[in-house]
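Notes follow once the structure below has been shown.
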Amino acid sequence: MASFRAPRGTRDLLPEVRAGLSRLEGVARSLAARYGYREMEIPLFEQTAVFERGIGASTDVVEKELFRLAPRTEEAESWALRPEATAGIVRAFVQHGMQTLPQPVKLSVLGPMFRYDRPQAGRYRQFWQWDAEAIGDPGPAVDAEVIEMGLRFYVEAGVTDVQVLVNSIGDSACRPAYLGRLKEYFGRHEAELSDTDRQRLETSPLRLLDSKDPAMAALIAAAPKISECLCDACSTHFAAVLAHLEAVGVPYRVEPTLVRGLDYYARTAFEYYRRGAEGQQQALGGGGRYDGLAELLGGRPTPAIGFALGLDRVLLALEDGSEPRARPAAPLAVIVGADPADTVARLRVASLLRAEGLAVRAELAPRKLGRQLEAASRDHAHFAVIIGDELADGHVQLKDLEAGTQRLVALDDLAKDLTRAAKSHHHG
RNA sequence: GUGGCCUUAGCUCAACCGGCAGAGCAGCGGACUGUGGAUCCGCAGGUUACGGGUUCGACCCCCGUAGGCCACCCCA
-13 MASFRAPRGT RDLLPEVRAG LSRLEGVARS LAARYGYREM EIPLFEQTAV
37 FERGIGASTD VVEKELFRLA PRTEEAESWA LRPEATAGIV RAFVQHGMQT
87 LPQPVKLSVL GPMFRYDRPQ AGRYRQFWQW DAEAIGDPGP AVDAEVIEMG
137 LRFYVEAGVT DVQVLVNSIG DSACRPAYLG RLKEYFGRHE AELSDTDRQR
187 LETSPLRLLD SKDPAMAALI AAAPKISECL CDACSTHFAA VLAHLEAVGV
237 PYRVEPTLVR GLDYYARTAF EYYRRGAEGQ QQALGGGGRY DGLAELLGGR
287 PTPAIGFALG LDRVLLALED GSEPRARPAA PLAVIVGADP ADTVARLRVA
337 SLLRAEGLAV RAELAPRKLG RQLEAASRDH AHFAVIIGDE LADGHVQLKD
387 LEAGTQRLVA LDDLAKDLTR AAKSHHHG
């Protein structure tokens, strides 16, 4: 048994899986370009306070899932690996004075996030997200545009049965009053609450609505609805978001109990769910509006909305679906040699062809010719370049492995011949 | 952080009631000395996840640890 293994909750993305992730990244980059989002990078770690103040100190993500780095000295700043990208992006927006750019500023980040969770299928301590943020537009049209872009990602990635859930969770004008009503309502039924739910009553009453406890279902159904408590501005905004979604043909379901786990959300909240998926990891992605976040991080008040889509969960969803798994790319040709020991000639010819832009593999193991050709066939190479005594007067054998034919070619013409042959192969 | 199930070769899995750890696939080689996907034969690969205990004897029973999966919690 190997003595070392990947840390708990992490995994090596072997080439087949990495290829699938790259494909998703390609879809994301293509969409970002079409929708006007510019890709950027932010550090994998930030000052812990960025997350504590941005996401909320009493959220699960910060309270129990934050990957804190041990400080190197007593005086050192406290650091943590990023559990999500939004807080870091907004920190960068503020730091670099992006409020002076034409608004909104549309930014895209692709990369790994870290949460100290208990691992499960589709839930890792290091996981990949595509994050897109439109900063500086109060919406509601941009809300719908963001939601539509996210849905399009799943369509183009090949995930079927994705459902859009939306809700409005109010803003600083109306949410406090709603929270008061919720506290009052659940306070009357305190005896029916579980211990954790009773605790939530104090810290984050909104999350009581999120409970999956079947015993809570009736209680939740009868609870005051946020939709009945929205202020005029919020309810107008929400209605306009829905109207825009309908205008661009995004099917959605208003989910009155949808609340998000991060404190910075206001007004629009949405999630992408996989219908009929087994297991609990059905949330493929989500997002919302966070008009107060820039201010929390020391910037000017700036309206913004964005999403985070979980790429690992998309890969998982595609596994039992239609997407074929990536095969290793076949080399155009394999360079083999009659003299097993003469690796110099094989390497030289391969180098020559690669300089001309061709993808070839040099057979460098000192095995006899038959074995070399066998390996070339297994690689699904189109051609084999056989190097033998002909090399003395500048020639090699070019063998078509599919047709079984073979002809003598001058070394000087080899790259040209292979290029032409590759083209006719692709057309045929 | 809580509970349940699981862990045998690189992969998929066998091993009777507690009695010599095996097979298929993959890898490498030989048959085949400058000509390939087939076939046959062989080689290599293991502290049975790790650590303890019970027993004449443990892959098998017991305890602990780690990891995986599942359900919570929560999220992506």
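Residues in the first sequence are numbered consecutively from -13, following the working numbering. Each residue gets a CB set at the ideal place from its N, CA and C atoms; glycine is no exception. Being a predicted model, the structure only gives us computed values, none of them experimental.
Which class does A252 belong to by DSSP, given the choice of helix, strand or coil?
-> One-based indexing of the first sequence puts residue 252 at position 266. The answer is strand: DSSP assigns A252 an E or B state.
Over what stretch of residues does the alpha helix (DSSP H) that includes D225 continue unbroken?
-> Residue numbering aside, residue 225 sits at position 239 when the first sequence is read from its first letter. Looking at the sequence itself, residue 225 is Ala, so the reference to Asp does not match. Where A225 is concerned, the enclosing alpha helix (DSSP H) stretches over 218 to 233.
Of all the options L359, E142, R253, H175, which has the alpha carbon lying nearest to the alpha carbon of A324?
-> By 1-based counting over the first sequence, the position of residue 324 is 338. The shortest C-alpha separation from A324 is found at L359.
Would you please state the rounded distance, in angstroms, between the beta carbons of A118 and G292? I believe it to be under 8 Å.
-> The residue you call residue 118 lines up with position 132 of the first sequence. The residue you call residue 292 lines up with position 306 of the first sequence. About 6 Å; that satisfies the 8 Å criterion.
Can you give the Cα-Cα distance for C428 and A143, rounded to whole angstroms?
-> Only positions -13 to 414 of the chain appear in this structure, which leaves residue 428 out of reach.
Proximal residues to Y238 (C-beta, below 6 Å), its chain only, five neighbours per side dropped = Position 252 of the first sequence, counting from 1, holds the residue named residue 238. These residues qualify, in order along the chain: V150, V152, L231.
Is the distance from the Cβ of P314 to the Cβ of P352 below 8 Å?
-> Numbered from 1 along the first sequence, position 328 holds the residue referred to as residue 314. Numbered from 1 along the first sequence, position 366 holds the residue referred to as residue 352. The answer is no: Cβ separation not under 8 Å.
Going by the CB atoms, is the gap between I372 and V322 shorter than 8 Å?
-> Position 336 of the first sequence, counting from 1, holds the residue named residue 322. Position 386 of the first sequence, counting from 1, holds the residue named residue 372. In contact: V322 and I372 (Cβ atoms closer than 8 Å).
Does DSSP put A(-12) in a helix, in a strand, or in coil?
-> By one-based count along the first sequence, residue -12 stands at place 2. With a pLDDT of only 46 at A(-12), under the threshold of 50, the placement of this residue in the model should not be trusted; the figure read from the coordinates follows. Residue state, collapsed to three classes: coil.
Taking only the alpha-carbon atoms, compute the straight-line gap between T243 and A408 and give it to the nearest angstrom.
-> Mapped onto the first sequence, residue 243 falls at position 257. Mapped onto the first sequence, residue 408 falls at position 422. Each residue's alpha carbon lies about 58 Å from the other.
Taking all protein chains shown into account, decide if E70 is buried (16 or more other Cβ within 10 angstroms of its Cβ) or exposed.
-> Indexing the first sequence from 1 puts residue 70 at position 84. By the 10 Å Cβ count, E70 comes out buried.
For G380, count neighbouring Cβ atoms within 10 angstroms of its own Cβ and tell me buried if that reaches 16, exposed if not.
-> For this step, residue 380 is matched to residue 394 along the first sequence. Label assigned to G380: exposed.
Ignoring anything shorter than 4 residues or poking outside the region 330 to 372, list the alpha helix (DSSP H) runs there in chain order.
-> 355 to 364
Taking Cβ positions, are F256 and L318 nearer each other than 8 Å?
-> Numbered from its first residue, the first sequence carries residue 256 at position 270. Numbered from its first residue, the first sequence carries residue 318 at position 332. No.
Beta carbon of A269, beta carbon of Y259: below 8 Å?
-> Mapped onto the first sequence, residue 269 falls at position 283. Mapped onto the first sequence, residue 259 falls at position 273. Taking 8 Å as the Cβ cut-off, A269 and Y259 qualify as a contacting pair.
Exposed unless 16 or more other CB atoms sit within 10 angstroms - verdict on T222 | Here residue 222 refers to the residue found at position 236 when the first sequence is read from its first residue. Classification of T222: exposed, given that the 10 Å Cβ count is below 16.
Count the other CB atoms, across all protein chains shown, that sit within 10 Å of the CB of K92; report buried if there are 16 or more and exposed otherwise.
-> Locating residue 92 in the first sequence gives position 106, counting from the first residue. K92 is buried by the Cβ-count criterion.
May I have the straight-line CA-CA distance separating R415 from V300, to the nearest angstrom?
-> The question about residue 415 has no answer here: the residues shown for the chain are numbered -13 through 414.
Closest to T254 by CA distance: which of R261, A219, L344, L377 is it?
-> Along the first sequence, one-based indexing puts residue 254 at 268. The candidate whose alpha carbon is nearest that of T254 is A219.
Secondary structure of L270, DSSP reduced to three states = As a working mapping, residue 270 is identified with position 284 in the first sequence. In this structure, L270 counts as strand in the three-state DSSP scheme.
Do A14 and L96 come within 8 Å of each other at the CB atom, strictly closer than that value?
-> By one-based count along the first sequence, residue 96 stands at place 110. By one-based count along the first sequence, residue 14 stands at place 28. Their beta carbons are under 8 Å apart, which means L96 touches A14 by this criterion.
Nearest-angstrom Cβ-Cβ length linking E32 and G83, presumed shorter than 8 Å | Residue mapping note: residue 32 aligns to position 46 of the first sequence, counting from 1. Residue mapping note: residue 83 aligns to position 97 of the first sequence, counting from 1. Rounded, the Cβ-Cβ distance is 18 Å, inconsistent with contact.
Delimiting residues of the alpha helix (DSSP H) encompassing A163 | Position 177 of the first sequence holds residue 163. It spans 161 to 174 - the alpha helix (DSSP H) in which A163 sits, taken as one unbroken run.
By DSSP, does L26 sit in helix, in strand, or in coil?
-> Within the first sequence, numbered from 1, the residue matching residue 26 stands at position 40. According to the sequence displayed, residue 26 carries Met and not Leu. Coil.
Between E376 and L350, what straight-line distance do the alpha-carbon atoms span, to the nearest angstrom?
-> Taking the first sequence and counting its residues from 1, the one referred to as residue 376 is at position 390. Taking the first sequence and counting its residues from 1, the one referred to as residue 350 is at position 364. So the two alpha carbons sit approximately 19 Å from each other.
Return the residue from the list T86, D123, A66 that minimises the CA-CA distance to R101.
-> For the purposes of this step, residue 101 is taken as the residue at position 115 of the first sequence. The residue with the shortest Cα to Cα distance from R101 is A66.
Are R(-6) and L283 touching if we call contact CB-CB under 8 Å?
-> For the purposes of this step, residue -6 is taken as the residue at position 8 of the first sequence. For the purposes of this step, residue 283 is taken as the residue at position 297 of the first sequence. No, the Cβ-Cβ distance between R(-6) and L283 is not below 8 Å.
Looking at C-alpha atoms only, which residue of A127, G22, M202 is the closest neighbour of S94?
-> Translated into positions along the first sequence, residue 94 becomes position 108. It is G22.
Apply the 10 Å Cβ neighbour rule to T288 and answer buried if 16 or more other Cβ atoms are within range, or exposed otherwise.
-> The residue given as residue 288 occupies position 302 in the first sequence. The residue is buried, with at least 16 neighbouring Cβ atoms inside 10 Å.
Within the same chain, show all residues whose beta-carbon is closer than 6 Å to that of L192, passing over the 5 residues directly before and after it, in chain order.
-> In the first sequence, the residue the question calls residue 192 occupies position 206. V245.
Does DSSP put F53 in a helix, in a strand, or in coil?
-> For the purposes of this step, residue 53 is identified with residue 67 of the first sequence, where counting begins at 1. F53: coil per DSSP, three-state reduction.
Nearest CA to the CA of L87: which residue from A120, L10, Q115, W114?
-> Numbered from its first residue, the first sequence carries residue 87 at position 101. Ranking the options by Cα distance to L87, first place goes to A120.
If you draw a straight line from the C-alpha of H175 to the C-alpha of A208, how long is it?
-> Residue numbering aside, residue 175 sits at position 189 when the first sequence is read from its first letter. Residue numbering aside, residue 208 sits at position 222 when the first sequence is read from its first letter. In a straight line, the C-alpha of H175 is about 11 Å away from that of A208.
Cα-Cα separation, A43 to E131 | Your numbering for residue 43 matches position 57 in the first sequence. Your numbering for residue 131 matches position 145 in the first sequence. So the two alpha carbons sit approximately 30 Å from each other.
Presumed contact (8 Å Cβ cut-off) between S154 and I212, rounded CB distance = Counting from one through the first sequence, the residue named residue 154 turns up at place 168. Counting from one through the first sequence, the residue named residue 212 turns up at place 226. Their Cβ separation, rounded to whole angstroms, is 7 Å, which keeps S154 and I212 in contact under 8 Å.
Return yes when the Cβ of M135 is within less than 8 Å of the Cβ of L17, no when it is not.
-> Position 31 of the first sequence, counting from 1, holds the residue named residue 17. Position 149 of the first sequence, counting from 1, holds the residue named residue 135. Yes, the Cβ-Cβ distance between L17 and M135 is below 8 Å.
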